[in-house]
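What follows is one structure encoded as structure tokens, with my remarks underneath.
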Ligand SMILES: [Zn+2]
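Numbering (my numbering), first residue to last: 1 to 242.
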């Protein structure tokens, strides 16, 4: 109020009605231009963010030494660490496998049960085994087809373990394979790579009517794992022993 009165009447008291409302005076000169680059749009968007975080937190912008780290943490907010963090953040598998694996961990893959829930009518029978209803727990790796593939992959890397449902697989890998040892990284990599190839096989059968051979899919998983191991010095020796 004092600032507004000073600007318009050069005194601290209200002397007259302002010709233009202060709020209107402070509006940006232009809206974000349609042709603005994504970077300009991000900067303008960030300014709205900064105004929304509240005056108490704005002090970070007036420090003698501006800290991008503090500012970033402030804008991002604090969230609880998720138990599957290391499955995603320290997983050497190719990005396409990582992305599909991440969606599977979040249970956001568009399996038939989810499609039905959002009102899309489709055949909910699993196209890999044609015996049970398709959902994420069944697909990874309770289904007889994916279970056989996963057991074969586990046997290949020397892990003696039966395939289980998706929740149990996540619990197992979170409890036993989140370290930085090469064998842990290999396990995380083969898990996400297998998820990717099972999902690809499911989509090929659904949308293209093409049925892949299990042994061929297994060889493709091996090829991906071998080539990825070759990229990382730490994994190279382990990869050669597989
Ligand atoms: Zn099935």
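Just so you know, even glycine gets a beta-carbon here, dropped at the ideal spot from N, CA and C.
Item, Value
"CB contact flag (residue 124, residue 134, <9 Å)", "yes"
"Shell residues, 5 Å Cβ cut-off relative to heavy atoms of ligand 1", "126, 128, 129 and 143"
"CA-to-CA distance, residue 42 to residue 35, given in whole angstroms", "13 Å"
"Which residues DSSP lists as bridging residue 133, in chain order", "125"
"Residue 87 versus residue 202 - alpha carbon distance", "23 Å"
"Sub-9 Å separation of residue 139 and residue 130 beta-carbons", "no"
"The stretch 212-229 touching the stretch 159-175, judged by at least three CB pairs closer than 8 Å", "no"
"Residue 88, DSSP secondary structure in three states", "helix"
"Assigned secondary structure, residue 249 (DSSP; H/G/I helix, E/B strand, else coil)", "The structure shown does not extend to residue 249, since the chain is modelled only from 1 through 242, so no value can be given for it."
"Residue 122 vs residue 115 beta-carbon contact at 9 Å", "yes"
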